[in-house]
Amino acid sequence: MLKTDTGAALRLVAWIVGLFILYTIIRTIENHEAAVAQTTHLITPRIWSTICTSFILGAYGSPMYIRNWTFHPNWAILAMVFLPFTLLSLYLPMAITFSWTMPFQIGIHLAPYFEFFPMIAGFGLISGIFGDRTGHSAHP
């Protein structure tokens, strides 16, 4: 007979319920920003809210892969995942906000990954801060 860990199962159920609540909040924010953008014709607040909500969603997904919740920075993940994806995810909204020129039409190339890059950055931040000393923060 298969032995189950009740605590782990309850944590998973709580995480899934929290994910549904977080998704509902994110959808409410996105709908509000879409309505504001439609009436004011300003898209910049919508872009920034999308970046922030995607980052939060990515950070929320990472606890599934963390074994030990003690502060053990994994500098490799922070330097190779968090930092580049944060810079990539912030470049397009900052260029739009501050009217920067985009070399080689980089905005067109980054647009398909507009919501994906902040999710990876959020995931990398939490995994990098609470990663274990061996560099493995995922379950075996």
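The numbering used here puts the first residue of the sequence shown at 148, with every later residue one more than the last. No residue lacks a Cβ here, since even glycine has one placed at the ideal position from N, Cα and C.
For residue i, the three-state DSSP class (helix, strand or coil)
i: N178; result: helix
i: D152; result: coil
i: R158; result: helix
i: M241; result: helix
i: W247; result: coil
i: G282; result: Unreliable positioning characterises G282 in this predicted model, as indicated by a pLDDT of 46, which lies under 50. A coordinate reading is not provided.
i: F277; result: coil
i: T217; result: coil
i: H256; result: helix
i: L298; result: This structure leaves residue 298 out entirely; the chain is present only between 148 and 287.
Beta-carbon proximity check, residue i vs residue j, cutoff 7 Å
i: I198; j: P240; result: yes
i: P265; j: S196; result: no
i: F261; j: G208; result: no
i: F229; j: A182; result: no
i: M249; j: A258; result: no
Cutoff 6 Å; reference residue i; Cβ partners in own chain excluding five residues on either side
i: I190; result: A184
i: H286; result: Its pLDDT being 48, under 50, H286 is placed unreliably in this model, and the coordinates cannot settle the point.
Residues of its chain near residue i, where Cβ-Cβ distance is below 8 Å and the 5 sequence neighbours each way are ignored
i: G282; result: Note that G282 scores a pLDDT of 46, beneath 50, so its modelled location is shaky and nothing firm can be said.
i: G165; result: Y207
CA nearest to the CA of residue i, picked from the options
i: I273; options: W247, G205 and S246; result: G205
i: A161; options: I194, M211 and R193; result: M211
Subject >> At least 3 beta-carbon pairs within less than 8 Å: the stretch 163 to 177 vs the stretch 230 to 238 >> reply: Under the 8 Å Cβ criterion, the stretch 163 to 177 does not count as touching the stretch 230 to 238, having fewer than three qualifying pairs.
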